[in-house]
Amino acid sequence: MVAGEVGRPGIRGPGKYALLGFPVRHSVSPQMQGAAFRWAGIPASYELIEVPPDQLGAVVARLRDQAYAGWNVTVPHKENVLNCVDEVTPEARAAGSVNTVVNRDGILRGHSTDGYGLEAAVRESFGLDVPGRRFLFVGAGGAARATAVWFAQLGAAEVRIVNRTLGKAERIAERIRAVAPGCTVRCVAGAEPAGVVSALSGVDVVIQATSLGLHADDPLPLDVALLLPGMAVMDMIYRRTPFLLEAARRGCRIADGRGMLLHQGARSFELWTGCSAPVAEMRAGLEAAVAARA
């Protein structure tokens, strides 16, 4: 299929797009989405907009008024933006968060593509499908919730959540039990080594879903001495964090968050435009942007 003609009969998308977050200066999404728009022949821009938490509603209203065609949403706004859109998909409602907004004639529809992105990344990185597998999530923030709920709905056999405090983990567990009662859920306090050892037993993939690792002086999110050789370990941060490097030294199979970023972004592009996402071109744009910052 010729570039620029992907999904041509239903093509949409010329216009302005953005990423809302606080902060967002580190993001490589403009390079990744820009590559997709160029390949598809869609005249579009994608900008980074820093939005302090108390300004989210005002900024969303401005983007609606200025006819932005859509935008992505990242921390700390994925949950609060639910109150700023007109419609929410069942997937986003179950996840309790929105990371993609589509503006159709002034009607804002909120989607969640994080779970899809992580699912595709796990399959691509480790050759594993979600149904019947056991996953350990480290952290209980918005990203962990959206992806853990998605995995449970896809048929994961078990979701285990390790978090510093049990309260947030238990709230994710409650949501999973409500939408995917066939999935076993288990929560463990991160400060209990014996519990963490037990949670790691028989797990198929360990998924690091906290922000620890973004800064050089961050502590490790999990005691790497508890990891066993051969374990599959993924970090949602899209570079090799100290946690991943230590896991690799212990003989684990590792993957950073670039795959998740790529595939959730590809799904966003498809929702905005009606085109099949040019994943190879988006990957090249993403990798070039990451390499430029190394």
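Adding 140 to a residue's 1-based position in the sequence shown gives its number in the working numbering.
Idealized CB from N, CA, C, for every residue including glycine.
These numbers come from a predicted model, not from an experiment.
Can you look up residue i in the DSSP assignment and give me helix, strand or coil?
i    : result
S185 : strand
G307 : helix
Q206 : coil
H403 : helix
G330 : coil
T324 : strand
R273 : coil
I394 : strand
I312 : helix
D375 : strand
R300 : strand
R433 : coil
N243 : strand
Starting from the C-beta of residue i, find all residues in its chain whose C-beta is less than 6 Å away, skip the five residues before and the five after it, and write them out in chain order.
i    : result
F266 : A372
A429 : V168, Q171
V199 : V191
R326 : R300
P149 : Below a pLDDT of 50, predicted positions are generally treated as unreliable, and P149, at 39, falls in that range; the measurement from the model is reported next regardless. Excluding residues within five positions, none has a Cβ falling inside 6 Å.
E227 : R249
With distances taken between CB atoms, is the gap from residue i to residue j smaller than 9 Å?
i    : j    : result
V241 : N212 : yes
F162 : V225 : no
L196 : H166 : no
G174 : Y208 : no
A296 : P271 : yes
I189 : L160 : yes
T287 : L306 : no
V345 : L276 : yes
V419 : E386 : no
Within its chain, find whatever has a CB closer than 7 Å to the CB of residue i; leave out the 5 residues flanking it on each side and keep chain order.
i    : result
E410 : S416, A417
P461 : The first residue shown for the chain is 141 and the last is 434, placing residue 461 beyond what the model contains.
G342 : R274
G147 : Low per-residue confidence applies at G147: pLDDT is 40, beneath 50, and the placement is therefore not dependable enough to give any value.
I believe residue i touches residue j by the beta-carbon criterion, under 8 Å. Please report the beta-carbon distance rounded to the nearest angstrom.
i    : j    : result
A356 : W290 : Rounded, the Cβ-Cβ distance is 31 Å, inconsistent with contact.
A424 : A261 : Wrong, their Cβ atoms sit about 17 Å apart, outside the cutoff.
G282 : E219 : 6 Å
Please report whether the beta-carbon of residue i lies at a distance below 9 Å from any beta-carbon of chain B.
i    : result
A280 : Reference to chain B is not applicable here, since this structure consists of a single protein chain.
By Cβ distance, which residues of its chain are closer than 8 Å to residue i, with the 5 residues on each side in sequence left out?
i    : result
L362 : V278, V302, G330, V336, V346, Q348, F383
G322 : G295
Meets three-Cβ-pair contact criterion under 8 Å: the segment 317–324 and the segment 337–346:
no
For the segment 393–411 against the segment 248–255, are there 3 or more C-beta pairs whose distance is under 8 Å?
yes
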